[in-house]
Amino acid sequence: MFPDMTIPAPFAAQVAVVTGASSGIGAEIARELSRRGHELVLVARSAEKLRALADELPTTAHVVPADLGARDARAGLLAELESRGLTPQVLVNNAGFSTLGPVHRSDPERELALVELDVAAVADLCSRSPARRRTARPRRSCSPTRAASPRS
Ligand SMILES: NC(=O)c1ccc[n+]([C@@H]2O[C@H](COP(=O)([O-])OP(=O)(O)OC[C@H]3O[C@@H](n4cnc5c(N)ncnc54)[C@H](OP(=O)(O)O)[C@@H]3O)[C@@H](O)[C@H]2O)c1
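Okay, so the sequence shown: first residue is 85 according to this note's numbering, each after it adds one.
Structure, rendered in C-alpha cells:
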C-alpha cells in the first residue's frame, strides 16, 4: 500500500551509519549490519568504545566520535563523512537517552538535552543526509530509518 515506506532490505557493501554505536542496542545493530556486509560508520561520544567495536567487526568500520546533541558537531559529522568520500545509504538514528521520575523533580536542562538528541538530531541527520540530497525524487527515507531504530 505504501511501497516507498517499506524498510529497504540490507545490501552488502553499502555504507551504514549507526549512531549510539558505543553500547547497547546500537552496538548490536552495528554487529548485525557488519555481519550482513555493510561498511559502517560508528558514531557516539566514547571514541575508545567505538574503536574497540570497530576492531571486532568483520567489515570496515569508520570511527567518528561526535556529540550529536550539539548542532555544530552534527554538521561536522556530515562534513567528515564527505571528506572521507563516504555516502551512507543507511542511517540508524539510535543515539539517545531517556529520563525517569516525577515531572516536578525533572531537570529542565536535561529534558531539553533529551529533545535535542532524541528529536532534533534525528530530524537534522535525516534532512542533511548526503544520500537524501543526491536523490532526485525525495524518498521517505527518514520514516523507514526511524522504523529501523529501537525507539520506533
Ligand atoms: N533499552 C531500552 O529498553 C530502551 C527503551 C526505549 C528506548 N530506548 C532507546 O534506544 C536507544 C538505545 O538504547 P540503549 O539501551 O542501547 O542505550 P545505551 O546503552 O545507553 O546507548 C545509548 C547510546 O547513545 C549514545 N549517546 C548518548 N548520548 C549521545 C550524544 N550526545 N551524542 C552521541 N551519542 C550519544 C551513547 O554513547 P556515548 O555515551 O558514548 O555517547 C550510546 O552509544 C536510545 O535512544 C534509548 O533511548 C531504549
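For every residue, glycine included, the Cβ atom is placed at its ideal position computed from N, Cα and C.
- Judged by the Cβ position, residue 183 fails to qualify as a neighbour of ligand 1 at the 7 Å threshold, every heavy atom of the ligand being at least this far.
- Along the region 96-124, the beta strand (DSSP E) occurs as fully enclosed runs of 3 or more residues at 99-103, listed in sequence order.
- Proximity of the region 201-216 to the region 168-184 meets the contact definition, three or more beta-carbon pairs being nearer than 8 Å.
- Counting every other CB atom within 10 Å of its CB across the protein chains shown gives residue 153 a total of 16 or more, marking it as buried.
- Secondary structure within the region 129-172: the alpha helix (DSSP H) runs of 4 or more consecutive residues, fully enclosed, are 131-140, 155-167 (chain order).
- Under the 10 Å beta carbon count, residue 196 is surrounded by fewer than 16 other beta carbons and is classified as exposed.
- Spanning the alpha carbons of residue 131 and residue 147 requires a straight line of approximately 7 Å.
- Rounded to whole angstroms, the Cβ separation of residue 99 and residue 127 is 12 Å, and the two are not in contact under 8 Å.
- The C-beta distance from residue 150 to residue 160 rounds to 7 Å, short enough to fall under 8 Å.
- Rounded to whole angstroms, the gap between the alpha carbons of residue 120 and residue 189 is 44 Å.
- With a beta-carbon spacing of about 6 Å, residue 198 and residue 181 fall inside the 8 Å limit used to define contacts.
- By the neighbour-count definition (other C-beta atoms within 10 Å, threshold 16), residue 185 is an exposed residue.
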